[in-house]
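Asks:
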Amino acid sequence: SAGKGTSFRDTSPDLAGGLPAVRWPLRNQILLPLVGLMLASLVGVSVMNAYLSARRTRVRIEDELSQVIETLSQSSFPLTDGVLRQMRGLSGAEFALSGPRGKITASSTGRNVLGSLPVADAERAGESSSLTRRVMVGGRGFFYSTVRLPRPGESPPFQTLHILYPEERYQQAWRDAVYP
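For the sequence shown, my numbering assigns the number 303 to the initial residue and increments by one for each residue that follows.
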């Protein structure tokens, strides 16, 4: 039995080297795992927030482009260079209009700059403004999409709208959303 004034001391050997076992205070045994869990949760929530913000930015840009496409497809006025430049001012994207054979008939920027657009896409134009395909035009990277626009009463009865959204503009919007 322990006498007066003596304290209990664990002298049982440690399994590794025969030294006395060192015990952590109960406060540390509870606090350190909780701090670790809190930090892991904070990192997880931050990463999820960054991912969702980047996704929202992409969806917002695609929605804006869809609205511009809808406006242009429902328009009854001719789509000229000036009209496409105004659409560029509203959306930040470059636009080019081509006929059935891929010849550029109107553009938001100089036609010679956009002369290197893929001609095959004019024939298989989709109905999407998604930011998935990338092309290089004039030394700059763009997200590229094409949409066939009906032009009733005009010859030809349809034209292809080429949409080029600058990668650097998208990356800036992404950075603004992820790193506020």
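Virtual Cβ for every residue (Gly too), placed ideally from N, Cα, C.
Run the CB neighbour count on Glu470, radius 10 Å, all protein chains shown included, and call it buried at 16 or more, exposed below.
Replies: Exposed.
Asks: Count the other CB atoms within 10 Å of the CB of Thr448; is the residue buried (16 or more) or exposed (fewer)?
Replies: With 16 or more other Cβ atoms within 10 Å, it is buried.
Asks: Would Val324 be called buried (16 or more neighbouring beta carbons within 10 Å of its own) or exposed?
Replies: When all chains shown are included, Val324 counts as exposed.
Asks: Rounded to whole angstroms, what's the CA-CA distance from Thr462 to Ala475? Just pull it up for me.
Replies: Each residue's alpha carbon lies about 27 Å from the other.
Asks: Would you call the segment 361-375 and the segment 384-397 in contact, with 3 or more CB pairs under 8 Å?
Replies: In short, these stretches touch, since the Cβ pair count reaches three.
Asks: Do you know how far the Cα of Pro468 is from the Cα of Leu367?
Replies: For Leu367 and Pro468, the distance between alpha carbons rounds to 12 Å.
Asks: Between which residues of its own chain and Tyr446 is the CB-CB distance below 6 Å, once the five residues before and five after are set aside?
Replies: Once the five neighbours on either side are set aside, the close Cβ partners of Tyr446 are Arg435, Val437 and Leu466.
Asks: Check the DSSP bridge columns for Glu396 and list the partner residues they point to.
Replies: Bridge partners of Glu396: Leu466.
Asks: From Ser377 to Leu344, what distance separates their C-alpha atoms?
Replies: C-alpha separation (whole angstroms): 49 Å.
Asks: What are the residues that DSSP puts in a beta bridge with Gln461?
Replies: Leu451.
Asks: Run through DSSP, which three-state label would Gly443 get?
Replies: Gly443 falls in the strand class under three-state DSSP.
Asks: Between which two residues does the alpha helix (DSSP H) harbouring Thr359 extend?
Replies: Leu328 to Ser375 is the span of the alpha helix (DSSP H), which, as asked, contains Thr359.
Asks: Would you kindly check if the distance between the Cβ of Val370 and the Cβ of Met350 is under 8 Å?
Replies: Their beta carbons are not under 8 Å apart, which means Met350 does not touch Val370 by this criterion.
Asks: With burial defined as no fewer than 16 other Cβ atoms inside 10 Å of the residue's Cβ, what is the status of Ile332: buried or exposed?
Replies: Classification of Ile332: exposed, given that the 10 Å Cβ count is below 16.
Asks: Along the chain, where does the beta strand (DSSP E) containing Ser409 start, and where does it finish?
Replies: Residues Ile406 to Ser409.
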